[in-house]
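Asker:
2 protein chains.
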Amino acid sequence: MDRIEEIFKIKDVKPTAVRIVVLRYLLEQKKAQSLKDIEVGLDQSDRSSIFRTLKTFEDHKVIHSIEDGSGMTKYAVCVEGCNCDPEDLHYHFYCTSCEMTFCLLDHPIPLVNLPNNFKMAQANMVIKGLCDKCNQ
Amino acid sequence: MDRIEEIFKIKDVKPTAVRIVVLRYLLEQKKAQSLKDIEVGLDQSDRSSIFRTLKTFEDHKVIHSIEDGSGMTKYAVCVEGCNCDPEDLHYHFYCTSCEMTFCLLDHPIPLVNLPNNFKMAQANMVIKGLCDKCNQ
DNA sequence: AGCGATAGTGCAACCCGATTGCAAAGGTTA
DNA sequence: TAACCTTTGCAATCGGGTTGCACTATCGCT
Chain D
1 MDRIEEIFKI KDVKPTAVRI VVLRYLLEQK KAQSLKDIEV GLDQSDRSSI
51 FRTLKTFEDH KVIHSIEDGS GMTKYAVCVE GCNCDPEDLH YHFYCTSCEM
101 TFCLLDHPIP LVNLPNNFKM AQANMVIKGL CDKCNQ
Chain E
1 MDRIEEIFKI KDVKPTAVRI VVLRYLLEQK KAQSLKDIEV GLDQSDRSSI
51 FRTLKTFEDH KVIHSIEDGS GMTKYAVCVE GCNCDPEDLH YHFYCTSCEM
101 TFCLLDHPIP LVNLPNNFKM AQANMVIKGL CDKCNQ
């Protein structure tokens with residue numbers, strides 16, 4: 001059983017044509033992908049089908065969504081054991097000049113203790129400014 | 001000289017009709033306001049005029065913008081001595097159920113040391129999940 | 001004050017990512 | 001096979017943000 005089938009089984013998602021190609025595509029990428037990225041990467045597959053697939057994946061914790069300051073939600077496959085907890089996440093730096101996003105991998109997100117009975121589902125930490133190339 | 005005139009003078013912004021009402025409105029609010037909030041609060045003033053006013057204010061550091069997870073950029077008047085530095089900011093909690101935003105005031109944003117020559121301009125730290133009322 | 005230049009305003013239109021309605025296609029179950 | 005539910009593709013819509021353009025107010029100079 002290959003990785004994709006396995007994921008669908010574990011996360012209780014019915015494998016369909018669109019779901020298989022979207023998941024395969026996401027697994028191949030090094031960076032989180034936007035809806036548009038996926039649409040283009042899959043050679044103009046239907047946007048709304050991909051969109052709904054992503055929602056399904058998110059509901060079943062196959063992927064998690066990230067807001068990295070670019071204005072477009074990005075998606076990445078959850079790594080094994082990922083509970084989409086803050087420990088699994090990291091800061092992003094968004095350059096407002098060249099519009100590139102950088103993962104600040106060596107800066108884990110600190111634990112924030114929330115008020116009583118608040119429940120964290122995800123965390124998006126974005127720093128905006130100028131990257132080294134644009135900051136001349 | 002009242003507070004509004006003073007701010008315009010210090011921040012080098014020409015006081016105009018729209019700018020005066022927008023700044024007065026923002027000063028009256030306890031929470032950061034979205035473009036829509038302001039439009040409605042000012043009884044349907046023209047959106048694009050308000051929009052451009054906000055951009056002008058931002059350029060002149062009269063206000064700073066905040067992304068709090070709601071999907072709408074919000075604006076708040078800079079407090080005296082605010083350099084829009086991360087020290088002046090705080091985490092936000094966005095409840096995905098009731099769509100309310102909470103300021104986590106007692107959690108200052110930690111200093112993140114960026115890669116060489118990167119320059120921070122703003123930081124938006126958003127935690128999403130369920131607030132105490134929705135987490136039953 | 002008068003006049004040309006510059007800046008600000010209001011309206012309408014547009015952009016673009018996200019989302020939805022709906023009908024056709026595909027799968028499942030009895 | 002027939003009835004049913006799910007998924008898919010297309011087109012349309014939504015909504016926040018942004019821009020083009022003409023009109024108006026303000027400024028700087030004489």
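One line per chain: the protein sequences are D and E, in this order.
Counting in full-length UniProt numbering, the first sequence tops out at residue 136, every number present.
Counting in full-length UniProt numbering, the second sequence tops out at residue 136, every number present.
A virtual CB, placed ideally from N, CA and C, is assigned to each residue, including glycine.
#1: Exposed or buried, which one is D:Thr53 when buried takes at least 16 other CB atoms within 10 Å?
#2: Would the beta-carbon of D:Asn124 fall within 9 Å of that of D:Glu67?
#3: Just to confirm before moving on: does the CB-CB distance between D:His90 and D:Leu104 stay below 9 Å?
#4: Can you have a look at D:Ile10 and say buried or exposed, based on whether 16 or more other CB atoms are within 10 angstroms of its CB?
#5: Do D:Leu130 and E:Lys55 have their beta-carbon atoms positioned less than 9 Å apart in this structure?
#6: Using only CA atoms, which one of D:Phe102, D:His107 and D:Asn113 lies nearest to D:Lys31?
#7: Interface residues of chain D around E:Met125 at Cβ under 7 Å?
#8: List the DSSP bridge partners of D:Ser34.
#9: Any beta carbon from chain E within less than 9 Å of D:Phe8's own beta carbon?
#10: Strictly below 8 Å CB to CB, what residues from chain E border D:Tyr91?
#11: By DSSP, does D:Glu80 sit in helix, in strand, or in coil?
#12: Which class does D:Glu67 belong to by DSSP, given the choice of helix, strand or coil?
#13: Just list the residues that DSSP pairs D:Met125 with in beta bridges.
#14: So with CB distances below 9 Å, who are the chain D contacts of E:Ala121?
#15: Skipping 5 residues on each side, what residues in its chain have a beta carbon closer than 8 Å to that of D:Glu99?
#16: On the criterion of 16 or more Cβ atoms from any shown chain inside 10 Å, does D:Lys133 qualify as buried, or is it exposed?
#17: Just checking: is the beta-carbon of E:Leu104 within a distance shorter than 9 Å of some beta-carbon in chain D?
#18: Taking DSSP as the reference, what is the three-state secondary structure of D:Lys55?
#19: Establish whether the CB of D:Gly69 and some CB of chain E are separated by less than 9 Å.
Answerer: Let's see:
#1: The residue you call residue 53 of chain D lines up with position 53 of the first sequence. With 16 or more Cβ atoms within 10 Å of its Cβ, D:Thr53 is classed as buried.
#2: Taking the first sequence and counting its residues from 1, one reaches residue 124 of chain D at position 124. Taking the first sequence and counting its residues from 1, one reaches residue 67 of chain D at position 67. In contact: D:Asn124 and D:Glu67 (Cβ atoms closer than 9 Å).
#3: Counting from 1 along the first sequence, the entry for residue 90 of chain D is found at position 90. Counting from 1 along the first sequence, the entry for residue 104 of chain D is found at position 104. Their beta carbons are under 9 Å apart, which means D:His90 touches D:Leu104 by this criterion.
#4: Residue 10 of chain D sits at position 10 when you count from the first residue of the first sequence. Its Cβ having fewer than 16 others within 10 Å, D:Ile10 is exposed.
#5: Counting from one through the second sequence, the residue named residue 55 of chain E turns up at place 55. Counting from one through the first sequence, the residue named residue 130 of chain D turns up at place 130. Contact: no.
#6: Within the first sequence, residue 31 of chain D is the residue found at index 31, counting from 1. Of the listed residues, the one whose Cα sits closest to D:Lys31 is D:Phe102.
#7: Here residue 125 of chain E refers to the residue found at position 125 of the second sequence. Those within 7 Å of E:Met125 in chain D are Met125.
#8: Along the first sequence, read from residue 1 onward, the residue named residue 34 of chain D stands at position 34. Per DSSP, D:Lys74.
#9: Translated into the one-based positions of the first sequence, residue 8 of chain D becomes position 8. D:Phe8 does not count as touching chain E.
#10: The residue given as residue 91 of chain D occupies position 91 in the first sequence. Here the neighbours are Val112.
#11: Stepping through the first sequence from its first residue, residue 80 of chain D is reached at position 80. Correct three-state label for D:Glu80: coil.
#12: As a position in the first sequence, residue 67 of chain D is number 67, starting the count at 1. Reduced to three states, the DSSP call for D:Glu67 is strand.
#13: Within the first sequence, numbered from 1, the residue matching residue 125 of chain D stands at position 125. Answer by DSSP bridge pairing, in chain order: E:Met125.
#14: Translated into positions along the second sequence, residue 121 of chain E becomes position 121. The contacting residues are Thr96, Ile127, Lys128, Gly129 and Leu130.
#15: Here residue 99 of chain D is taken as the residue at index 99 of the first sequence, counted from 1. Counting only Cβ-Cβ distances below 8 Å, and skipping sequence neighbours, we find Ser70.
#16: Here the question's residue 133 of chain D lines up with position 133 in the first sequence. It is exposed - the Cβ of D:Lys133 has fewer than 16 other Cβ atoms within 10 Å.
#17: Position 104 of the second sequence, counting from 1, holds the residue named residue 104 of chain E. So yes, E:Leu104 belongs to the interface.
#18: Indexing the first sequence from 1 puts residue 55 of chain D at position 55. Note: D:Lys55 maps to helix in three-state DSSP.
#19: Taking the first sequence and counting its residues from 1, one reaches residue 69 of chain D at position 69. At least one chain E Cβ lies under 9 Å of D:Gly69.
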